[in-house]
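Heads up: the structure comes next, in structure tokens.
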Amino acid sequence: MKQDYTFLIGGEAGQGLQTIGAVLAKALARQGLHIFAYQDYHSRVRGGHNFYQVRAASFPVGSHLDEVTMLVALDEETIKIHGHRVGEGGVVLYDSEEMPSQEGLANSLPVPLKELGKTYGGQGVMGNSAAAGAVWQLLGGEPAALDETLRDTFSGKGDKVAEANVKAARGGMEYAKKHFQSTCPCRLERLLSPPRMLLTGNDAVALGALAAGCQFIGAYPMSPASSVFTTMGRQVGRLPLVFEQAEDEISAIHMALGAAFAGVRSMVATSGGGFALMVEGLSLAGCSETPLVLFLGQRPGPATGLATRTEQGDLLFALHAGHGEFPRAVLAPGNAGEAFWLTVKAFNLAEKYQVPVFVLSDQYLADAAYTVEPFGLDRVLVDRGEILAEKEFGPGYRRHRLTESGISPRAFPGRGEGTVATSGNEHDEEGYPTEKADLRRKMTEKRLGKARFLAAAIAPPSFYGPQNPQKVLLTWGSGLGACREAAEHLNAGGEKVGVVHMTELWPFPAADVELALAGAEEVIAVEMNATGQLGRLLRQETGIKPKAAILKYDGRAMNGAYVVKELARGGVNPW
Amino acid sequence: MKQDYTFLIGGEAGQGLQTIGAVLAKALARQGLHIFAYQDYHSRVRGGHNFYQVRAASFPVGSHLDEVTMLVALDEETIKIHGHRVGEGGVVLYDSEEMPSQEGLANSLPVPLKELGKTYGGQGVMGNSAAAGAVWQLLGGEPAALDETLRDTFSGKGDKVAEANVKAARGGMEYAKKHFQSTCPCRLERLLSPPRMLLTGNDAVALGALAAGCQFIGAYPMSPASSVFTTMGRQVGRLPLVFEQAEDEISAIHMALGAAFAGVRSMVATSGGGFALMVEGLSLAGCSETPLVLFLGQRPGPATGLATRTEQGDLLFALHAGHGEFPRAVLAPGNAGEAFWLTVKAFNLAEKYQVPVFVLSDQYLADAAYTVEPFGLDRVLVDRGEILAEKEFGPGYRRHRLTESGISPRAFPGRGEGTVATSGNEHDEEGYPTEKADLRRKMTEKRLGKARFLAAAIAPPSFYGPQNPQKVLLTWGSGLGACREAAEHLNAGGEKVGVVHMTELWPFPAADVELALAGAEEVIAVEMNATGQLGRLLRQETGIKPKAAILKYDGRAMNGAYVVKELARGGVNPW
Amino acid sequence: MVEADRFHTARPKTWCPGCGNHQILEVLKETLARLDYHPHQVLLVSGIGQAAKTSQYIRTNTFNVLHGRTLPVATGAKLVNPRLKVLALGGDGDGYAEGGNHIIHAARRNVEVTYMIHNNQIYGLTKGQLSPTTDLGSPTTSYHTPSSTRPLNPLRFLLGIGASFVARGFAGSREQLGDILEKALKHRGFACIDILQPCVVFNRVNTSKWYRERVYDVNEEGHSPDDLAGAFRLAGEWGERIGTGIFYAEERETLNDALLGRDAPPLVERKPEPRDVAPLMKEYL
Amino acid sequence: MVEADRFHTARPKTWCPGCGNHQILEVLKETLARLDYHPHQVLLVSGIGQAAKTSQYIRTNTFNVLHGRTLPVATGAKLVNPRLKVLALGGDGDGYAEGGNHIIHAARRNVEVTYMIHNNQIYGLTKGQLSPTTDLGSPTTSYHTPSSTRPLNPLRFLLGIGASFVARGFAGSREQLGDILEKALKHRGFACIDILQPCVVFNRVNTSKWYRERVYDVNEEGHSPDDLAGAFRLAGEWGERIGTGIFYAEERETLNDALLGRDAPPLVERKPEPRDVAPLMKEYL
Ligand SMILES: Cc1ncc(C[n+]2csc(CCOP(=O)(O)OP(=O)(O)O)c2C)c(N)n1
Ligand SMILES: Cc1ncc(C[n+]2csc(CCOP(=O)(O)OP(=O)(O)O)c2C)c(N)n1
Ligand code: SF4
Ligand code: SF4
Ligand SMILES: [Mg+2]
Ligand SMILES: [Mg+2]
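Residue numbers (our numbering), protein chains in the order written: chain A, 13 to 587; chain B, 13 to 587; chain C, 15 to 299; chain D, 15 to 299.
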């Protein structure tokens, strides 16, 4: 049976809706379903309408649906805002202590959450677990499976708390069994799947960085990037790495450069405004050929913009940031799985070519949770590029030796008898400032020449859909899920729509992209921004101008339905 | 008679060669000649080979020549480095106290500078004026004309010093008259020209900003931008403006935004690394629709690069700097005259459309001195855009009111009974933060929509050369002089080469550029960088890919001869 | 507090109930009213963070800028329009972390700006990360272990850089805070108030109660604001007793005085004319 | 000074004759040699400016970074390789202007870095602009009038932010400077030395002679480095008498201690393995 359910839990910040959402997502994942879950929240700690949306399906999913199967309303606002989204036969479960009776609402179930929490778990706040229990009951889930997930979730707070929550959830189940009259359209069917992790995009980046052997992360808190460093930071002590919260982003990138220069794999994690502050340091990385991975979690700008929402507005900025000319790579994963592998690749590219490499994400991908099979760690290859052995590293070492490939073997201070010198001034082979015209020219060519080799390491775009599609949706990064969903929908209706997804954007794989777009009658760029940045880049690099663009720039992620609708309207031309 | 002389004064930093150069340039300008003068210097205060090169001609000139008519060598290094550049019949005048006799050198004249300085002026350092006098004598200049220039130059140091220098110069004249045997090929012929100012690119920007009514300049010292703020700063007290040296570039741009918000025309001046630090503030200007003029004097990067040299490496960076999407304008003058008028225009665009506007220069243009007729100040129109009168500005004022044009009339705090609110967060019409999707969309469209009107205010590129040229040299900013010189040379030899010079680069005047390039068989991009940035931009905006590029990226400016030579070799393809 | 109404806005507050920012906001409104300021005479430059939201809940001119950048913006505005009463305001992260350099130089310049740092010793808006003032051993969401670096002492920092007015208030001592703020607003120069502000969600160590048990008024106990050495010593207290009040105050030339002359007419009221550049052009002939 | 040869380089110096940087460079080489460091054990992080050129004229590992950014780079390097003797070095503009914020937080972290600020009270490399330490009334090329803002007092700033080692040297007192530097290099923590450095071209006020007539050794006159209040008081002197020597020194936990544990093996010597991530992956199942 095809299963595709969407659970939406809505309420105010501070009501604990994340807990219900996360518990349900995890419990459903453990039932073998594929999950896509994401949060919509405000830049505040208490109040404001927030929601958590979990999609659980019997097939892989990479974006959200508009139609809700089960709405859990912790406040009345949730019903006002999302009530219309509940699909045919869908269920509304609401906190009867927080709002007047919603009797008029079809298939609705009032649940006295605090009361249940108190009665069964001993505390009103456990009402959240009661809500999860009620949902689980309506789904027809195996009670023990929810128990287990609750135990794991609350284990950090001690056995007593965990057991109380289990009891509260059981209370919720009982209540739902007793009071819910109608049948629920969603009957959970357990699937025999391999075990899967439930991982946000940021979790995947953190895992990727750790697997790649990153030993230093410098950062200053900023949504939606912060969880990358907190997840990694939790491993300090267990794994050989260190995290330090910098006083600002300028310091963060320079600390990371210091660590990289001293010999470890090093990264920063930030968002637009923080990245803006790192731009001078980025240029220093370029000049001094210091490897660095930059995680850039985009959010809507300009300036502080919408701090907790999503956008893909910084592609061209990342591509051109930094004064002067130096090579770089820009990778943009489309889901958690790609986020892991591209982060690993980012470190290899950075060290092999001694350049800064971006992992370009956005709030949607950063915060959304995906089910992914555990990564094959044996397949994680660490290539640190050319590094002199301690014995070879003696007096006369030239950090920026002019070589055929433009790559000069690295050596690290204190790791041999020689000394390493480098500089943000134009320098000679030894790494000391020079004013010589000829050397300047050679050093520029050396640095930029590496782009050729870097380009050869860039993968072609991914293609999804039928052979010889009539229309191609050209997208990048987190646009993947929505475009695939749209294409599948349209192709099911008899169209021939393909998706070309660019995960590796720079050096731009022009020939591969031309090939991928070759047969298509129409190329439509699909991006979460207002100016059609990939479309511009495509024309710059290939001369191909997309026929139209599908754009969104209200801070809320697009999904398949949006793409289908906008495509029908012909898209827009932002260029 | 056609006159086209090049004087090169070379020596170490601290030897005072700027004085000789500047005095000669000014004296020649006052004889009615057109001047192009520039310095080549190191990032140090004493020592290092520096030179000052003055080209004086009977026709307008905008770049330097390789061939030197008269070489003034304050040290032997100068002869070693530049000796071969002295043209047929050229003269070498050298400081005989600083180096062994150069008797072998044709047309050479040893001058004991210190001795002359001491004997005639009373001090060894006055030898510099003696050198100027000797040159003047060889030129056959009217002695009184040099006297006058010296008096003006040294007037700040008191009459006594000025007269001593005049005497030293007279001593130099006498010495040259007595000892120089050969005839000198350059005989100065006074021209009846209107009075002309001798102005560097930076002087012109400063004058333009002052004429446009700029009242605040925020900056942190950085070559080659600093002279913009020192020139403007000298007017504090006389004109209603204020300059404050900030603690860093981040502070500089934010001070400027504060001043602009409070109601005055405001600007910053910086170079690459400093601009990199301003990128977050730039985005705040975009979000809060605060008008700002940014003077960006490019120098070779990445990082600190070559601090005192030249490059055009930051075009795409300036175009895409800042997280999020917002409109901006980028203007790039080709000489001092354009620098003045484009700076005036920058302020008008910034205030009318409430956007940041760049004046993009580079070290070559910034430091080079040009002869320019005094600017017609009556033609300086100040258009501050829509500003509410004090009486209209009452309670209920909405700083970001949604209007047809996207432009919301401004009002200034304290200048009426109302209050002004704005924010770097996405905001409502009043200027307070909002999270609403619909408002976000509208505000984005409001901001970006202004680009349409801004685009209409952008001038088409300038065209120089024959109708229907076979080849077009497409260039921007300071590339103008070299390209025109090259085209004139080639056309004199029977070719049909035109120059398309983009002074206004963004919003990109695509239709105008297409028109300008329409007939040409070959388009060659000519830029002082390594990656062909204008070429890329051209393709992005028009689909036209130049046939080749002529590039230079060794920190030394290109000139006409370089362009001719590279064109003959077919150029390169950096894309 | 009827006069405080003139600063009223209907915008709903998004702070947690019990958050110290509520109290600080009320004191700010009251004090401005008491000094008979009107909304249009005041410019509030705010940063990013919970504290910085203050400017949304009070009617004045306001530029809500980037995280950490209040002081340069305030400086630029004050330089061109000295008639404005300019305040800058933000959290401990906004000020002492991202904005640290600007504090040093605002103090050096002695720009006439009242600077309020709502110091909850934590990053509120971004959910509990380490701040430069987080106490040693306090839990944060930045690290999986409690804070292990010694915090910055804000008052010693402010005294060390020569700020001409240095005070500490406590959100819970409303009357005293109002007094301090009044004096700060009257101060001709850069006036800094570090305000102890309980965060009921992320700072469970330095709670309202914790502060209340410790704060005392240094001026009441005899400290005189012209005693710099005493101020430096008292600023060292952070344990059983925590001093509040005015630690240091000194009159000296302000930035506007220095750059434009005391009582110079505001630049915003002077209209530059292109033709005024003519004499300068002559110099280049 | 035969041992100092090991730090010798043939690179020609581009400083003016008579510049205080020459002396500081020699003292640096001598002191490192005296403490028996070898070039490969030392990492010198330098900024941009005349002072910063020092790292070109001494053989050590060196990262010549951006203007103002020495300390974060030094911090990152020290964190991953504590076996390196890490120094940071730059001018007064590099440190107190562009880099001001990093000083505050390096002090808070107490990262084990020796920080030398060559303080010529002017911007040398960029030709005479105002520095945060330019004396009131001194001419600069930034303004057409003499400096009219009161300078930052570097020592009070450093004391105020709780730097664990605060000293002032004078380029012209070579022996004393060597002593101070030796103690700084031996200090477990963030050791700052503000070094009075004559600039013979752009600072015609604070000349060698001017300094020499005023400097005295505070420690010789009985000041003990554990006396913070005394240090703060003495740091206030800037006129007839200018104190040099060690103003303050205190042992406390360093950043490496706090984040990684004292005597933890350097991260650069530990090789991470992809498979070590397996347990963490399990947590997500
Ligand atoms: C450049 C930049 N970096 C980071 C952030 C994210 N950010 C917003 S507020 C904040 C810190 C809030 O702490 P604090 O200033 O103490 O204010 P509080 O919320 O505690 O009042 C941070 C890190 C940002 N907006 N901009
Ligand atoms: C971001 C940035 N801003 C400005 C500059 C230009 N700059 C180079 S050195 C310097 C100041 C030099 O003064 P100081 O640090 O005191 O060193 P000194 O030359 O006096 O030794 C400046 C402003 C720069 N390189 N980078
Ligand atoms: S999180 Fe803390 S600082 Fe933020 S509103 Fe709540 S109590 Fe106040
Ligand atoms: S200008 Fe000053 S600081 Fe620079 S080298 Fe010369 S004396 Fe030294
Ligand atoms: Mg805080
Ligand atoms: Mg200096």
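All C-beta atoms in this analysis are idealised placements derived from N, C-alpha and C, irrespective of residue type, glycine included.
Query	Result
Helix, strand or coil for Gly506 (chain B) per DSSP?	coil
Closer than 9 Å between beta carbons: that is the criterion. Which residues of the segment 276 to 296 of chain A meet it against chain D?	Val276, Arg277, Ser278, Glu292, Gly293, Ser295 and Leu296
Could you say which of D:Asn167, D:Asn233, D:Ala121 and D:Tyr225 lies nearest to Ala647 (chain A) if we only look at CA atoms?	Nothing can be reported for residue 647 (chain A), as the shown portion of chain A is limited to 13 through 587.
With DSSP as the reference, please indicate the residues paired to Glu261 (chain B) in a beta bridge.	Paired residues: none, contrary to the question.
Taking 6 Å as the limit between beta carbons, can you name the residues of its chain near Asn214 (chain A), skipping five residues before and five after?	Ser239, Val240 and Ala378
For the segment 95 to 137 of chain A, list the alpha helix (DSSP H) runs that are entirely contained and at least 4 residues long, ordered along the chain.	125 to 128
Strictly below 8 Å CB to CB, what residues from chain D border Gln30 (chain B)?	Per Cβ cutoff of 8 Å: no residues; Gln30 (chain B) is ~12 Å from chain D at best.
Can you tell me where the alpha helix (DSSP H) holding Asn62 (chain A) begins and where it ends?	First-last for Asn62 (chain A): Gly59 to Ala69, but that is the beta strand (DSSP E), not the alpha helix (DSSP H).
Pull up the DSSP beta-bridge partners for Arg422 (chain A), would you.	A:Ile399
Counting contacts by CB-CB distance shorter than 7 Å, is Asp566 (chain B) in contact with chain A?	yes
Once you ignore the five residues that flank Met15 (chain C) on each side, which residues in its own chain have a CB closer than 6 Å to its CB?	Reliability fails at Met15 (chain C), whose pLDDT of 49 lies under 50, so the model's placement of it is uncertain and no value is given.
Which partner residues of Val369 (chain A) appear in the DSSP bridge assignment?	A:Val305 and A:Ala341
Got a sec? Which residues, its chain only, sit under 7 Å from Pro286 (chain C) by beta carbon, not counting five neighbours each side?	none
Leaving aside the five residues before and after Tyr50 (chain A) along the sequence, list all residues of the same chain whose C-beta is less than 8 Å from its C-beta, in chain order.	Tyr64, Gln65, His76, Tyr376, Asp379, Ala380, Ala381 and Ala569
For Glu100 (chain B), collect the residues of the same chain with a Cβ closer than 8 Å to its Cβ; drop the 5 residues on either side in sequence, then sort them by chain order.	Pro197
Where does His22 (chain D) fall in DSSP's three states?	coil
Would you kindly work out how many angstroms separate the C-alpha atoms of Leu577 (chain A) and Gly285 (chain A), rounded to a whole number?	Checking the displayed sequence, the identity of residue 577 (chain A) turns out to be Lys instead of Leu. If I take the Cα positions, the gap works out to 33 Å.
Using a Cβ-Cβ cut-off of less than 7 Å, list which residues of the segment 210 to 244 of chain D approach chain B; keep chain order.	Val215
Hey, is Phe204 (chain D)'s beta-carbon within less than 7 Å of any beta-carbon in chain C?	no
May I ask you to check if the CB of Asp208 (chain D) is nearer than 6 Å to at least one heavy atom of ligand 6?	no
Give me the chain B residues within the contact set of Met130 (chain C), using Cβ-Cβ distance strictly less than 7 Å, ordered along the chain.	Residues of chain B passing the Cβ test: none, with the nearest at roughly 17 Å.
Measuring straight from C-alpha to C-alpha, what distance separates Met267 (chain A) and Asp240 (chain D)?	31 Å
To the nearest angstrom, how far is it from the Cα of Gly145 (chain A) to the Cα of Pro339 (chain A)?	54 Å
Among all the DSSP beta bridges, which residues are the ones paired with Glu534 (chain A)?	A:Lys483
For chain A, is any of its Cβ atoms less than 7 Å away from the one on Phe246 (chain D)?	no
Considering only residues of the same chain and omitting the five flanking positions on each side of Thr28 (chain C), which have a CB-CB separation below 7 Å?	Lys67
So, under 8 Å CB-CB, Ala88 (chain C) and Val127 (chain C) are touching, yes? Tell me the CB distance rounded to an integer number of Å.	5 Å
Near Met290 (chain A), what residues of its chain come up, given a Cβ to Cβ distance below 6 Å and the 5 sequence neighbours on each side ignored?	Glu261 and Ile265
Taking 6 Å as the cut-off, is the CB of Gly105 (chain D) close to at least one heavy atom of ligand 6?	yes
Within the continuous beta strand (DSSP E) that includes Tyr574 (chain A), where are the two ends?	Counting along the chain, Tyr574 (chain A) falls outside any beta strand (DSSP E), though it belongs to the alpha helix (DSSP H) covering Gly572 to Ala580.
Should Thr456 (chain A) be flagged as near chain B, meaning a C-beta pair shorter than 7 Å?	yes
Counting C-beta neighbours from all protein chains within 10 Å, is the total for Ser238 (chain C) 16 or more, i.e. buried, or is it exposed?	exposed
Measuring only between beta-carbons, confirm whether Gly151 (chain C) sits less than 7 Å from chain A.	no
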